[in-house]
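K.L.:
Submitted below is the structure of interest, expressed as structure tokens.
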Amino acid sequence: MPSGRRGGKHRAPQAPSAAGRILRTTGAVTAIVGSGLAVTAAPAGAATAGDFAKLRQCESGGNYSINTGNGFSGAYQFDDQTWHGLGYSGRPYQASPATQDEAAAKLYNSRGWQPWPSCARKMGLTNNGPASVGSSGSGDVVEQALTPVEPPMTLDRARQEMGDNSYKGTVLNAGYGDDVRPDAFVWQAAMRNKSFMLTVDGKFGPQSQGIAALYSYLTRVSDGQPGTVGQNLWNVTVRS
């Protein structure tokens, strides 16, 4: 990370101008396929799906769940202050890819590529037209969100995203029961290899929580709360 990023890289956005809204709601409806995102209503010169794909690849390797503990997290490396200023709760890396994409588009519409100076320069991001930002409940296709067209999670993809299978800083718990996560995929596969019968689907639901609690009891390795997987249990299951 550039040394100058901390303490001011991202700030809460200003309200979009009327001119900006007009620009966002004009132009032909288009779909961009194969770049990882589908974008509607992209006027000439607008930031494209490919631009945001390049940005997150540079910032995080495209890893939406990354949290290295340096104050920035998620695919676009938001800090918490900026994230909350954009109207989102929790931590950036805990949000869905669609929410992170939407937040990046909102910040871009407020400040252009300035919040990501190094990667914008490195990736040659020069488009300066507005990106589409969704509004929940709206039936206007011109105002649809930047939506990820992500392939379904598989074990191979999960292992690729996890890299060396080292612990990435997220404690798997009941709060991730409905999310499909690469770390949960990898952990579940490791437990299947240890002859525990559980579904490998990337969702850390009741079944996975029960296996985690049982294995913690059997090995006397704990991450504080029964049914959770943190660094201790990760190391003795995935890394061992």
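So our numbering is basically just the index in the sequence shown, starting at one, shifted up by 30. Ideal Cβ placement from N, Cα and C applies to all residues, glycine included. In this text the structure is predicted, and so the values were computed from the model without any measurement.
For a test of the three-state rule: what should DSSP assign to G159, helix, strand or coil?
P.N.:
Position 129 of the sequence shown holds residue 159. In this structure, G159 counts as strand in the three-state DSSP scheme.
K.L.:
Round the Cβ separation of D209 and T200 to the nearest angstrom and send it over; I've been treating them as touching at under 8 Å.
P.N.:
Here residue 209 corresponds to residue number 179 of the sequence shown, with the count starting at 1. Here residue 200 corresponds to residue number 170 of the sequence shown, with the count starting at 1. With a Cβ gap of about 10 Å, D209 and T200 do not count as contacting.
K.L.:
Mapping DSSP to helix, strand and coil, what is V259?
P.N.:
Sequence index remark: in the sequence shown, residue 259 carries index 229 (1-based). V259 falls in the strand class under three-state DSSP.
K.L.:
Give the straight-line distance between the Cα atoms of V230 and D81, rounded to the nearest whole angstrom.
P.N.:
For the purposes of this step, residue 230 is taken as the residue at position 200 of the sequence shown. For the purposes of this step, residue 81 is taken as the residue at position 51 of the sequence shown. Near 33 Å, if we compare the C-alpha coordinates of D81 and V230.
K.L.:
Along the chain, which unbroken stretches of the alpha helix (DSSP H) at least 4 residues long are found entirely within the region 110-153?
P.N.:
List check, alpha helix (DSSP H) in window: 110-115, 127-141 and 147-152.
K.L.:
I think R269 touches N195, with their Cβ atoms under 8 Å apart; what is that distance to the nearest whole Å?
P.N.:
On the sequence shown, residue 269 is found 239 positions in, with the first residue counted as 1. On the sequence shown, residue 195 is found 165 positions in, with the first residue counted as 1. Yes, R269 and N195 are in contact; Cβ-Cβ is about 6 Å, under 8 Å.
K.L.:
Would you mind reading off the limits of the alpha helix (DSSP H) that contains A188?
P.N.:
As a position in the sequence shown, residue 188 is number 158, starting the count at 1. Residues L185 to M192.
K.L.:
Does the region 183-190 come close enough to the region 150-164 to have 3 or more Cβ pairs within less than 8 Å?
P.N.:
No: fewer than three Cβ pairs fall under 8 Å.
K.L.:
Among all the DSSP beta bridges, which residues are the ones paired with A76?
P.N.:
To locate residue 76, count along the sequence shown from 1; it is residue 46. DSSP, once it has assigned bridges, lists G159 as partnering A76.
K.L.:
To the nearest angstrom, how far is it from the Cα of L53 to the Cα of S126?
P.N.:
Here residue 53 is taken as the residue at index 23 of the sequence shown, counted from 1. Here residue 126 is taken as the residue at index 96 of the sequence shown, counted from 1. For L53, the predicted model reports a pLDDT of 33, less than 50, meaning its position is unreliable; a value from the coordinates is still stated below. Taking the straight line from one Cα to the other gives about 27 Å.
K.L.:
Got a sec? Which residues, its chain only, sit under 7 Å from M183 by beta carbon, not counting five neighbours each side?
P.N.:
Walking along the sequence shown from the start, residue 183 turns up at place 153. Result list for M183: V210, P212, F215 and G232, in chain order.
K.L.:
Helix, strand or coil, according to DSSP, for S196 in the structure here?
P.N.:
By one-based count along the sequence shown, residue 196 stands at place 166. In this structure, S196 counts as coil in the three-state DSSP scheme.
K.L.:
Just the C-alpha distance for Q237 and G104, rounded to the nearest angstrom, thanks.
P.N.:
Position 207 of the sequence shown, counted from the first residue, corresponds to residue 237. Position 74 of the sequence shown, counted from the first residue, corresponds to residue 104. In a straight line, the C-alpha of Q237 is about 27 Å away from that of G104.
K.L.:
In the DSSP assignment, the alpha helix (DSSP H) including V216 goes from what residue to what residue?
P.N.:
Locating residue 216 in the sequence shown gives position 186, counting from the first residue. Its alpha helix (DSSP H) spans residues P212 to N223.
K.L.:
What's the gap between the Cα of A79 and the Cα of P147?
P.N.:
By one-based count along the sequence shown, residue 79 stands at place 49. By one-based count along the sequence shown, residue 147 stands at place 117. So the alpha carbons of these two residues sit roughly 18 Å apart.
K.L.:
Look at the alpha carbon of C149 and the alpha carbon of T112, and state the distance between them as a whole number of angstroms.
P.N.:
Here the question's residue 149 lines up with position 119 in the sequence shown. Here the question's residue 112 lines up with position 82 in the sequence shown. One C-alpha to the other measures close to 18 Å.
K.L.:
Candidates A128, F226, K224 and R151: which alpha carbon is nearest L85's?
P.N.:
To locate residue 85, count along the sequence shown from 1; it is residue 55. Here the closest residue by C-alpha is R151.
K.L.:
Compare the beta carbon distance of L244 and D253 with 8 Å and say whether it is the shorter of the two.
P.N.:
Locating residue 244 in the sequence shown gives position 214, counting from the first residue. Locating residue 253 in the sequence shown gives position 223, counting from the first residue. Result no, Cβ atoms of L244 and D253 do not sit closer than 8 Å.
K.L.:
Pull up the distance between the alpha-carbon of G91 and that of Q107, whole angstroms please.
P.N.:
Numbered from 1 along the sequence shown, position 61 holds the residue referred to as residue 91. Numbered from 1 along the sequence shown, position 77 holds the residue referred to as residue 107. Going by the C-alpha atoms only, they are around 11 Å apart.
K.L.:
Which term fits K136, buried or exposed, when burial requires 16 or more other beta carbons within 10 angstroms of its beta carbon?
P.N.:
The count along the sequence shown starts at 1 and reaches residue 136 at position 106. Per the 10 Å Cβ criterion, buried.
K.L.:
On the criterion of 16 or more Cβ atoms from any shown chain inside 10 Å, does M221 qualify as buried, or is it exposed?
P.N.:
For this step, residue 221 is matched to residue 191 along the sequence shown. By the 10 Å Cβ count, M221 comes out buried.
K.L.:
Who does S103 pair with in a DSSP beta bridge?
P.N.:
For this step, residue 103 is matched to residue 73 along the sequence shown. Note: S103 sits in a beta bridge opposite N97 and F108.
K.L.:
Is the separation between the beta-carbon of D279 and that of G101 shorter than 8 Å?
P.N.:
The structure shown does not extend to residue 279, since the chain is modelled only from 31 to 270, so the question has no answer here.
K.L.:
What are the boundary residues of the alpha helix (DSSP H) that includes L244?
P.N.:
Numbered from its first residue, the sequence shown carries residue 244 at position 214. P236 to T249 is the span of the alpha helix (DSSP H), which, as asked, contains L244.
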